[in-house]
Amino acid sequence: MTIAASRFESLELHGVGRSFGGRSALEDLNLTVRAGEFIALLGPSGCGKSTALNCIAGLLPLTHGQILIDGKRVDTVAAEKRGFGMVFQNYALFPHLSVEKNIAFGLQMRKISKSEVRRRVAEAIALVKLEEHATKLPGQLSGGQQQRVAIARAVVVEPRLVLMDEPLSNLDAKLRLEMRTEIRRLHQSLGLTTLYVTHDQEEALSMADRLVVLREGRVQQVGTPQELHNGPANWHVADFMGYRNLIDMDVTTVGAATVTVQDNGFALRATATQPVSVGDKVRVAIRPEDLMAVSEVVPVHSGNTTQAFVSVVEYHGREFAVGVTTPGGQSLYVRSDHAPVVGSTIELTADPARVLVFPADLVEASSPSTQERELAEVRR
Amino acid sequence: MSVLTIKGSGAGTSSASLRHRLAERGIDTSLLMLVPALIFALALFIYPFSYGIGLTFQPSAATQQAWGGGMFANYIAFFKDSFVFDSVWLTMRLALPVAVFNVLASIPVAFKLRHRFRGKKLLTTLVVLPITLGTVLTAQGLLIFAGRQGWLNRFLIQIHLIDQPIQFVNNYWGVVFSLVISGFPFAFLLISSYLSGIDPSIEAAAKVMGANWHQRFRRVILPLLAPGLATTSILTFVLAFSVFPSARLVGDAMGATRVMSLMAFRAFGEQNDYPMASTIAVMMGLIELVVIALVLLWRSSMYKGSSGGKG
């Protein structure tokens, strides 16, 4: 393996911001990426994650802040001179060039000798296992193969940084899983530094060393997958981390370790992530798998129990996914080891440590048309 | 296919509708709706066209006497009568440079007007506006503006750049100007639509991979644009090759711009020689076909697939 990433110590983003016609799509992004890290930028569409990536690539100029590599500014360097690799959501392969020539393009731009180009292209093709397709045009390949070409094309130049913009979102579910492993394998074996944009939290959690969760152009939380999975900073991050149940409740008692929250008789003991006082309106986050229907096998967990009406029952193989309605009319998703009767009342239980209480007021920003502007801007 | 269907249904008769069964045999009954159009085409295009070709083989007595060759007298006259044959070169001399100029000049303009910016609509409208002017209006404008007593000459004399009026019209250049005015917006519209068909992220990818604008244009944009350039040059060439009104109005109809269509009109209108007029028209078509074939031959050596679509 002779393809290897060019080395640097750290990539620093200082207060990076980008606005489109007075509307900011990205605000005050601060991040330090160490060489060899796999960072995922995670967020719903229009959250500014693609803007961030395009700013780093140099396809969009910054309106605020600086980007530094080992202390040297790169945001003032033209995109073609940054020496990064980029994988686009729609692959953006050159349709008139064969697989080999697509991969060779970046090397030829760097005026590398012909024999060296041939050797490295062959190596990159072998890396993504496309040997028998080397002379085909991109149009003759399947989506997954095209994505492999795009990845080979990005890594063959031994980039300092690889940028990936939702590279798997156009693939089917099975292929997406395969390519996930593939990208992670290449990242590790080539020692790449990768910035990966996705809206799929599962993808981000499984691939990245660290995650950056964005919303409306603002960073919500930065941390390892474990940190974000177990300790989301606010209910928005919780929502993204699989806390499918988000219910608005009132705080009734505040204890030493736990607080009690309730809504129209639906009461649970929970853990406050920030100090709360009695009477506060809060948003409570629970993962469906942490809220169980009580049965012979599932005992009540530390006396924490409440009741709800069964509205939907789905069979999920090992267990049942049950949709319930609280007395206050809010819908929740819970798990059950048996199929409860629709319309009946079931008893639910949860570990208070896994019921998280967040302040209800998250700064609400306005309409989500940022992505459209973003796209329009990139296409200049 | 049909055998399979019959076997599949189990019985000898298929339960599918008649239309479906015909479709299995490759017959599409909805094509019958084309019949009226075909009749029109036959009556108004194919018949007169064949009649015209037939005429070329019925030369007038005068032509036969002058050039001999029996039924081919018209064609012999066409090639041997230098007064007629020279018009091929005169027309080509106008149409080829104009077509090349229109295409080459449209590329940078289309590129510049590709992005979104303030005033883009106004600028595009200004560029495209001449398409709405007829040839006669353009010719009239050129005569008034660029004639010997026109504003342009008077202005140039008043600022003492020249002391004798320059002849801009009633010669080769007058027709060139007129053809550029009417052909350029047309080429521009075509090329900008081809350009917008190239996915912008392809260019972005080339940029990140280290290609400067010159390399991006030559190695990525140009090959993807080539089929569009070929089509555009064919269309502007044909447009310029069949020039008639401006060759007469702003050209030198008996000299430098004695184009083929003028010769055909002369044979028809002044000499009442229908067969010769038809011969010149048929030869015009043939020459156009040769040029089109050459362009298409060049195009077939280029990449032909999709250009990534508008993402």
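Heads up: the sequence lines are chains R and U, in that order. My numbering numbers the first residue of the first sequence as 1424 and each following residue consecutively. My numbering numbers the first residue of the second sequence as 17 and each following residue consecutively. Virtual Cβ for every residue (Gly too), placed ideally from N, Cα, C.
Query, Result
"Classify Leu1434(R) as helix, strand or coil using the three-state DSSP reduction.", "strand"
"List, in order along the chain, the chain U residues whose C-beta lies closer than 7 Å to that of Asn1687(R)?", "Correct list: empty, because the minimum Cβ distance to chain U is about 49 Å."
"How many whole angstroms separate the CB atoms of Thr140(U) and Pro146(U), which I take to be in contact at a CB cut-off of 8 Å?", "Thr140(U) to Pro146(U), Cβ: 13 Å. No contact."
"So with CB distances below 9 Å, who are the chain R contacts of Ala220(U)?", "Asn1477, Ala1480, Leu1482, Ala1502, Met1509, Phe1511, Ala1515, Val1801 and Arg1802"
"According to DSSP, is Lys1559(R) part of a helix, a strand, or is it coil?", "coil"
"Let me know if Ala256(U) comes out buried or exposed under the rule of 16 or more other beta-carbons within 10 Å of its beta-carbon.", "buried"
"For Gln1649(R), count the other beta carbons within 10 Å of its own beta carbon; 16 or more makes it buried, fewer makes it exposed. Which is it?", "exposed"
"How is Gln1531(R) classed by DSSP in three states: helix, strand or coil?", "helix"
"Can you give the Cα-Cα distance for Leu168(U) and Phe184(U), rounded to whole angstroms?", "9 Å"
"Please work out which residues of its chain come closer than 7 Å, Cβ to Cβ, to Glu1787(R), disregarding the five sequence neighbours upstream and downstream, and give them in chain order.", "Unreliable placement is indicated for Glu1787(R), whose pLDDT of 44 sits below 50; the coordinate value is still reported in the next sentence. Counting only Cβ-Cβ distances below 7 Å, and skipping sequence neighbours, we find nothing."
"Is the CB of Arg1541(R) under 7 Å away from at least one CB in chain U?", "no"
"Who does Asn1477(R) pair with in a DSSP beta bridge?", "Beta-bridge pairing links Asn1477(R) to no other residue."
"Where DSSP assigns a beta bridge to Ile1759(R), which residues make up the other side?", "The sequence shown places Ser at residue 1759(R), rather than the Ile named in the question. The partner list for Ser1759(R) (beta bridge, DSSP) reads Phe1743(R)."
"If we ignore side chains and look at the alpha-carbon of each, how far apart do Leu1434(R) and Thr1616(R) end up?", "10 Å"
"Is His1487(R) helix, strand or coil when you go by DSSP?", "strand"
"Strictly under 7 Å for the Cβ-Cβ distance: is Gly327(U) near chain R by that measure?", "Bear in mind that the predicted position of Gly327(U) carries a pLDDT of just 33, short of 50, making it unreliable; the figure below should be weighed with that in mind. Yes, its Cβ sits closer than 7 Å to a Cβ of chain R."
"With a threshold of 6 Å, establish whether the CB of Pro181(U) neighbours any heavy atom of the ligand NAD.", "With respect to the ligand NAD, the structure offers nothing, as it holds no ligand at all."
"Mapping the DSSP letters down to three states, classify Pro1782(R) as helix, strand or coil.", "strand"
"Chain U partners of Val1580(R), CB-CB under 8 Å?", "Met225 and Gly226"
"Counting contacts by CB-CB distance shorter than 7 Å, is Pro181(U) in contact with chain R?", "no"
"Taking the continuous beta strand (DSSP E) assigned at Ile1462(R), which residues delimit it?", "Phe1461 to Leu1465"
"Under 7 Å, Cβ to Cβ, is there at least one residue of chain U near Glu1444(R)?", "Checking the sequence, you will find Gly at residue 1444(R) rather than Glu. Chain U, which has no Cβ nearer than 7 Å to the Cβ of Gly1444(R), makes this no."
"Just to make sure I have the definition right: I need the residues of chain R whose C-beta is within less than 7 Å of the C-beta of Gln231(U). Which are they?", "Met1532"
"When the distance is taken between beta carbons, is Thr107(U) closer than 7 Å to Met276(U)?", "yes"
"What do you get for Val1765(R), buried or exposed, if any count of 16 or more other CB atoms within 10 angstroms of its CB means buried?", "exposed"
"For the segment 239–265 of chain U, which residues have a CB atom closer than 7 Å to at least one CB atom of chain R, in sequence order?", "Pro239 and Leu240"
"Do you know how far the Cα of Val1674(R) is from the Cα of Val1699(R)?", "8 Å"
"Between which two residues does the alpha helix (DSSP H) holding Gly1566(R) run?", "Gly1566 to Val1578"
"Going by DSSP in three states, Arg1441(R) sits in which element: helix, strand or coil?", "strand"
"So, helix, strand or coil for Val1497(R), using DSSP?", "coil"
"I'd like to know whether the C-beta atoms of Gln1489(R) and His1437(R) end up nearer to each other than 7 Å.", "yes"
"Going along chain U in order, which residues have a C-beta closer than 7 Å to the C-beta of His1519(R)?", "Pro239, Leu240 and Tyr319"
"Since Leu1461(R) meets chain U, which of its residues come closer than 8 Å, beta carbon to beta carbon?", "Per the sequence shown, the amino acid found at residue 1461(R) is Phe instead of Leu. By Cβ distance, chain U contributes nothing, its closest Cβ being about 19 Å from Phe1461(R), past 8 Å."
"With 16 other CB atoms within 10 Å as the buried threshold, where does Ile123(U) fall?", "buried"
"In the segment 1664–1751 of chain R, which residue ranges form an unbroken beta strand (DSSP E) of at least 3 residues, counting only runs that do not cross its ends?", "1668–1677, 1682–1686, 1689–1695, 1704–1709, 1728–1738 and 1743–1748"
"Cβ of Ala283(U) within 7 Å of Cβ of Asp289(U)?", "yes"
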